[in-house]
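Contents: one structure, followed by commentary.
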Amino acid sequence: MNQQPCPKDESRWSGVREVMRMSGPIVLGMLSFTIMEFFDKAMVSYVGTDALAAVGSAGIASYSICTLYMGIISVVTTFVAQCYGKGEKHLCARYCWQGIYLSLSGLLFAAVMMPMSGPLFRAMSHTPEVTALELEYFRIRLAGYVFIGLNTATAGFFQSINRSRIPMYAAIFGNILNLLLNYLLIFGKFGFPRLEVGGAAVATVLSMAFQSAFLLAVFLNRRFNDEYDTRNTWGFDWARTRELARIGLPAAITMFLDIANWWLFVAFIVGRFGAVSLAANTIALSFMHVCFLPAVGLNHGIAAIVGQWLGRGNIRMAKSRTYTAIKIAIFYMVLMGALFALFGDKIILLVFRTEKDVASLGHKILILAAFFQAFDATNIVCTGALRGAGDTRWMMFMTFIMSYFVFLPLALLFGIVLKGGALGAWAGTTVFIIILAAVLFRRFYSESWRGINIFKYSDADEASIESDSGAA
Numbered sequence: 074m075n076q077q078p079c080p081k082d083e084s085r086w087s088g089v090r091e092v093m094r095m096s097g098p099i100v101l102g103m104l105s106f107t108i109m110e111f112f113d114k115a116m117v118s119y120v121g122t123d124a125l126a127a128v129g130s131a132g133i134a135s136y137s138i139c140t141l142y143m144g145i146i147s148v149v150t151t152f153v154a155q156c157y158g159k160g161e162k163h164l165c166a167r168y169c170w171q172g173i174y175l176s177l178s179g180l181l182f183a184a185v186m187m188p189m190s191g192p193l194f195r196a197m198s199h200t201p202e203v204t205a206l207e208l209e210y211f212r213i214r215l216a217g218y219v220f221i222g223l224n225t226a227t228a229g230f231f232q233s234i235n236r237s238r239i240p241m242y243a244a245i246f247g248n249i250l251n252l253l254l255n256y257l258l259i260f261g262k263f264g265f266p267r268l269e270v271g272g273a274a275v276a277t278v279l280s281m282a283f284q285s286a287f288l289l290a291v292f293l294n295r296r297f298n299d300e301y302d303t304r305n306t307w308g309f310d311w312a313r314t315r316e317l318a319r320i321g322l323p324a325a326i327t328m329f330l331d332i333a334n335w336w337l338f339v340a341f342i343v344g345r346f347g348a349v350s351l352a353a354n355t356i357a358l359s360f361m362h363v364c365f366l367p368a369v370g371l372n373h374g375i376a377a378i379v380g381q382w383l384g385r386g387n388i389r390m391a392k393s394r395t396y397t398a399i400k401i402a403i404f405y406m407v408l409m410g411a412l413f414a415l416f417g418d419k420i421i422l423l424v425f426r427t428e429k430d431v432a433s434l435g436h437k438i439l440i441l442a443a444f445f446q447a448f449d450a451t452n453i454v455c456t457g458a459l460r461g462a463g464d465t466r467w468m469m470f471m472t473f474i475m476s477y478f479v480f481l482p483l484a485l486l487f488g489i490v491l492k493g494g495a496l497g498a499w500a501g502t503t504v505f506i507i508i509l510a511a512v513l514f515r516r517f518y519s520e521s522w523r524g525i526n527i528f529k530y531s532d533a534d535e536a537s538i539e540s541d542s543g544a545a
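The working numbering applies: residue 74 is where the sequence shown begins, and numbers increase by one.
Below, the structure is given as structure tokens:
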């Protein structure tokens with residue numbers, strides 16, 4: 074791949090401007106989701122400790138399952154960004170449509186998981202009260218699987234063509250709707266039924282449906298149709314769907330392993346220490362989401378930026394922008410981690426209605442989490458950059474090895490074998506996150522991904538068509 078020279082206006086701050094221009098709206102959208110989720114958990118805490126524990130565990134389980142197809146759809150960003158960087162705008166909408174079709178697989182996953190959910194949650198050996206609430210929440214969330222896929226495909230399209238504000242508006246409006254519906258349905262206000270845990274799940278599904286409708290309406294409007302031909306590129310394209318699957322399936326497995334292992338950590342390691350540990354863990358994770366979900370916005374943004382620069386043939390700029398994003402993520406996450414470590418106990422008692430032993434354990438977990446924020450920031454940005462480069466197969470194998478030979482063994486060792494409890498399990502997790510940061514940064518820095526061709530099948534099809542035309 075031939076590298077182009079850097080733009081003439083390249084300066085010390087131009088990288089920061091580009092990263093924030095692309096990622097800023099995504100970060101704001103993620104921040105709105107973080108705030109919504111934080112107060113979502115806070116409202117559920119008024120129902121009871123069992124309800125809070127159930128929503129935390131079932132929420133991770135729900136997200137774990139949907140990553141199996143959402144991960145494939147997530148690489149729409151990679152393909153659209155590289156097409157945009159090459160100036161091939163007519164292909165951007167075509168890849169988005171293939172992602173939309175793949176999102177329909179969410180219906181299949183929901184149908185399969187509905188009868189399996191009972192044995193799955195009963196295998197966790199939680200108390201009968203918590204298990205019943207977990208099943209209620211999880212089964213309602215299954216109805217939203219198709220919307221998660223639709224949102225991933227359309228948001229990825231807009232982010233990759235430098236229109237990040239559109240998914241930001243969808244996220245902000247959707248999260249405001251979620252909070253409003255939470256209040257009405259959890260507590261049964263203004264004539265609405267009091268559904269408690271079920272109400273939180275219904276609110277989430279309805280807000281996701283709203284975001285899907287918003288994004289699809291904008292995708293199909295006249296402005297984007299004129300520039301990207303969004304209304305006439307809806308036909309199913311087998312070659313490009315195969316490309317999404319070839320690059321996206323490893324990404325899906327990676328995402329599933331990552332989220333599923335966190336679920337195993339919460340449900341089978343932390344969960345075995347009782348409802349107090351599980352509730353404290355749910356509260357601590359709510360705070361951690363404030364730290365890392367905005368950084369996930371940088372993850373999505375840098376995936377698009379790296380894809381665009383690679384589409385232009387400029388590896389040096391792709392790497393430079395990634396290093397800038399890492400610095401921004403570290404600054405934010407370390408700052409938030411320090412604030413929560415210092416003042417987390419007061420905030421927990423102020424916002425959450427919970428027992429003092431739950432609040433105390435939650436704060437101790439936050440103090441421990443403050444030590445790995447810089448490393449987690451590096452992990453989050455590097456995974457986005459590698460996805461933008463199409464290096465998903467390596468990430469899949471690396472995640473498998475790190476999950477089953479480092480993460481879970483360390484959590485078991487510190488939490489159960491050494492009898493450290495939930496806090497010990499998090500100590501093992503801290504060691505894992507530090508090791509993972511070193512592995513991911515080394516991979517990106519080495520440029521082992523520079524020879525990856527994500528357009529393998531469509532290039533072959535186009536070459537075949539040209540050959541047939543020439544023969545004719």
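Glycine included, C-beta positions come from ideal geometry on N, C-alpha and C. If you're wondering where the values come from, they're calculated on a predicted model, not measured in any experiment.
Do residue j and residue i come within 9 Å of each other at the CB atom, strictly closer than that value?
{"i": "Y174", "j": "T355", "result": "no"}
{"i": "G144", "j": "M281", "result": "no"}
{"i": "A273", "j": "D449", "result": "no"}
{"i": "A484", "j": "T456", "result": "no"}
{"i": "T397", "j": "G88", "result": "yes"}
{"i": "G374", "j": "Q232", "result": "yes"}
{"i": "T122", "j": "E428", "result": "yes"}
{"i": "G370", "j": "A243", "result": "no"}
{"i": "S190", "j": "L177", "result": "no"}
{"i": "G321", "j": "S147", "result": "yes"}
{"i": "I378", "j": "V92", "result": "yes"}
{"i": "Y218", "j": "L180", "result": "yes"}
{"i": "L351", "j": "V203", "result": "yes"}
{"i": "V220", "j": "V278", "result": "In the sequence as presented, Val is not what sits at residue 220; that position holds Phe. It is a contact, given that the beta carbons lie within the stated cut-off."}
{"i": "Y301", "j": "A166", "result": "yes"}
{"i": "L252", "j": "L268", "result": "no"}
{"i": "Y256", "j": "M116", "result": "yes"}
{"i": "F413", "j": "L439", "result": "yes"}
{"i": "A368", "j": "A402", "result": "yes"}
{"i": "W336", "j": "A511", "result": "no"}
{"i": "G386", "j": "G461", "result": "no"}
{"i": "C156", "j": "K162", "result": "yes"}
Buried or exposed, going by whether 16 or more other CB atoms sit within 10 Å of the CB of residue i?
{"i": "M187", "result": "exposed"}
{"i": "G459", "result": "What sits at residue 459 in the sequence shown is Leu, not Gly. Its Cβ being crowded by 16 or more others within 10 Å, L459 is buried."}
{"i": "N526", "result": "exposed"}
{"i": "I474", "result": "exposed"}
{"i": "F287", "result": "buried"}
{"i": "R212", "result": "buried"}
{"i": "A228", "result": "buried"}
{"i": "Q77", "result": "Below a pLDDT of 50, predicted positions are generally treated as unreliable, and Q77, at 43, falls in that range; no measurement from the model is reported."}
{"i": "P192", "result": "exposed"}
{"i": "N305", "result": "exposed"}
{"i": "V490", "result": "exposed"}
{"i": "P266", "result": "exposed"}
{"i": "R516", "result": "buried"}
{"i": "A348", "result": "buried"}
{"i": "W382", "result": "buried"}
{"i": "V120", "result": "buried"}
{"i": "D430", "result": "exposed"}
{"i": "A442", "result": "buried"}
{"i": "A389", "result": "A small fix is needed here, since residue 389 is Arg in this sequence, not Ala. That one is exposed."}
{"i": "W86", "result": "exposed"}
Can you give the beta carbon distance from residue i to residue j, rounded, assuming they're within the 8 Å contact cut?
{"i": "S471", "j": "I326", "result": "Checking the sequence, you will find Met at residue 471 rather than Ser. Not really, about 11 Å apart at Cβ, beyond 8 Å."}
{"i": "G463", "j": "T151", "result": "6 Å"}
{"i": "N334", "j": "S476", "result": "5 Å"}
{"i": "V407", "j": "A447", "result": "5 Å"}
{"i": "V128", "j": "V339", "result": "Actually they are not in contact, since the Cβ atoms of V128 and V339 sit about 12 Å apart, beyond 8 Å."}
{"i": "L293", "j": "T303", "result": "6 Å"}
{"i": "A495", "j": "A353", "result": "7 Å"}
{"i": "G435", "j": "I421", "result": "6 Å"}
{"i": "N235", "j": "M109", "result": "Incorrect: roughly 26 Å between the Cβ atoms, too far for contact."}
{"i": "L215", "j": "A183", "result": "4 Å"}
{"i": "A312", "j": "L206", "result": "About 46 Å separates the two Cβ atoms, so there is no contact after all."}
{"i": "I245", "j": "S105", "result": "5 Å"}
{"i": "T465", "j": "A324", "result": "4 Å"}
If we require 4 or more residues per run, which alpha helix (DSSP H) segments fall completely within the region 135-160? Counting only runs of at least 4 residues, the region 135-160 fully encloses the following alpha helix (DSSP H) elements, listed from N- to C-terminal order: 149-159.
4 or more residues per run - each alpha helix (DSSP H) lying fully within the region 208-261: You should have 218-233, 238-260.
At what residue ranges does the region 489-537 contain a whole run of the alpha helix (DSSP H), taking only runs of 4 or more? Complete alpha helix (DSSP H) runs here, min 4: 494-519.
Which whole runs of the alpha helix (DSSP H) in the region 283-314 are 4 residues long or more, in chain order? Whole alpha helix (DSSP H) segments, 4+ residues: 295-301.
At which residue ranges does the region 382-432 contain complete alpha helix (DSSP H) runs of 4 or more residues, listed in the order of the chain? If you keep only unbroken alpha helix (DSSP H) runs of at least 4 residues inside the region 382-432, you get 388-424.
Threshold first: 3 residues or longer. Then list the beta strand (DSSP E) segments lying entirely within the region 314-340, N to C. Runs found: none.
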